[in-house]
Each structure stands twice: as C-alpha cells, then as structure tokens.
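Heads up, the thing below is written out as structure tokens.
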Amino acid sequence: MAMLTTHDPYAPLNPAECVEQPFRYFLAERCLAPESAAALLEWLEIDAPWTLVETDFYEQFEFDLRDVVLPPALAPLVDPAMLDRLRHKMEATLGDSLSEHVEVVAHRLDPGQRIGIHNDMREGGETHRLTVQLNRGLADEDGGFFMLFNSDNAEDIHRILRPVSGSAIGFAIGPDSHHAVSRLHNGVRYTLVYSFHAAGRA
C-alpha cells in the first residue's frame, strides 16, 4: 500500500448495521470527515462540472471525480491510498475481495427528478457499491428517499432511508439488490457513488 501523505477523509466510516436479506448491505451514520464533507458540498454547489444524464429509469446530473482537477482540500477523496483504505473497509464489512479499481462519481438530483427501481447489475460491471449522502438538510416532505425492495416490484418495499447528509449505504450488487430514489420535491440531493469490482474482474 502507498504511504499515507495526507489525512484520511474516510476515517469516520464505521458500519452501524449489517443486513443479509433481501441482499447484503450495511448502513453507516457517517462516511466522510466533517471538513471533507463541508468542503465537498460547497464545491458541488458552486464549481462542480455537472452534466445531465438521462436513461430509461432516471434523469440526474453527474460527473466522474477522477476526470476533473479537484481543489487541494478535496484531492484526498480520489487519492489511491485513501481509496485503498476505503476498499479494505468494504472488504472487511461485506466479506468479499475487491480489486484496486475504484470509480467515484458525483450525482445530483434536482426537484422533480427521481431514480426508478433497478439492481445495478450489468455484465462485466461493478459488483459492490457505496453511496454517500450530501445535502443542506432535507425534510421528509422534500422526498429523495433511498428505497430498498424485497423484489423488483416497486410496491414490495423492504426499507426506506432518509437522505441524511453524511450517511452511507454500502451493498453487494446482485439479482436481488433492488433499490430506487423517490422523487425529490424540494432542495438538492447530492451523493457520492463509489463503485467496486470483485477481485479478478477489473
């Protein structure tokens, strides 16, 4: 592992709950160091290079953090040594061996946007994911809930998670990892999405 030359922005990540069914996932109250989260949220609001992406089940703004020059305060978020530490936390929590390749993409939902039910599975694609919430405080009436399902039936709800800023969910992608984001009514909902690959696949 490379020598650590800066603070670890992912040091606070400590899974508070691990669940096996309907798919393997864990929840954490906080993923990012407070100073990293504050600087990142401000940058996402003011300077980030957002691009609108539309598919058959979602419409949102996004960009890959590895494709832009980040401010010095945010550079540790994509530092290989820091991502390596994060990867090891994912491995320890979910019990799977992961390759060193980690993708980091920022997402933004504006009022009226939502993400339909899906399981993230695609041939040759990522096998594990970590999603971190960032916002200025969203009330229940604002929407933007992270929804987990027992099946691909949108009425078969397993759990509904509030988009509490700083909180995170990590999970293993599979046929049963159905999830969605309910329509956002007010405010702006940012997330950092980390994609991991099973060892030997990337």
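Under the working numbering, the first residue of the sequence shown is numbered 10, with each subsequent residue one higher.
Beta carbons are placed, not taken as given, at the ideal position from N, Cα and C, and that holds for glycine.
Residue j beta carbon less than 8 Å from that of residue i
i, j, result
"methionine 99", "leucine 92", "no"
"phenylalanine 66", "histidine 127", "yes"
"leucine 157", "histidine 206", "no"
"proline 58", "alanine 42", "no"
"glycine 196", "aspartate 149", "no"
"alanine 115", "leucine 74", "yes"
"threonine 136", "alanine 82", "no"
"glycine 183", "phenylalanine 72", "no"
"tryptophan 52", "proline 85", "no"
"leucine 50", "glutamine 122", "no"
"arginine 138", "serine 204", "yes"
"arginine 96", "glycine 153", "no"
Delimiting residues of the beta strand (DSSP E) encompassing residue i
i, result
"serine 204", "198-207"
Span separating the alpha-carbon of residue i from that of residue j
i, j, result
"alanine 90", "histidine 16", "10 Å"
"arginine 168", "serine 176", "15 Å"
"alanine 47", "valine 141", "13 Å"
"proline 120", "valine 202", "20 Å"
"leucine 170", "phenylalanine 155", "5 Å"
"asparagine 144", "glycine 104", "30 Å"
"phenylalanine 70", "alanine 101", "31 Å"
"arginine 94", "aspartate 56", "27 Å"
"leucine 147", "glutamate 54", "15 Å"
"aspartate 185", "alanine 163", "13 Å"
"glycine 179", "aspartate 129", "13 Å"
"proline 24", "serine 174", "16 Å"
Terminal residues of the alpha helix (DSSP H) in which residue i lies
i, result
"threonine 102", "89-103"
"glutamate 44", "43-55"
Assigned exposure category for residue i - 16 Cβ within 10 Å defines buried
i, result
"proline 172", "buried"
"leucine 61", "exposed"
"arginine 131", "exposed"
"glycine 209", "exposed"
"serine 160", "exposed"
"cysteine 27", "exposed"
heavy atom of the ligand MG below 7 Å from residue i C-beta
i, result
"aspartate 129", "As for the ligand MG, it is missing from this structure, which has no ligand bound."
> Can you give, in chain order, each stretch of the alpha helix (DSSP H) that sits fully within the region 104-185 and has at least 4 residues?
Replying inline: none
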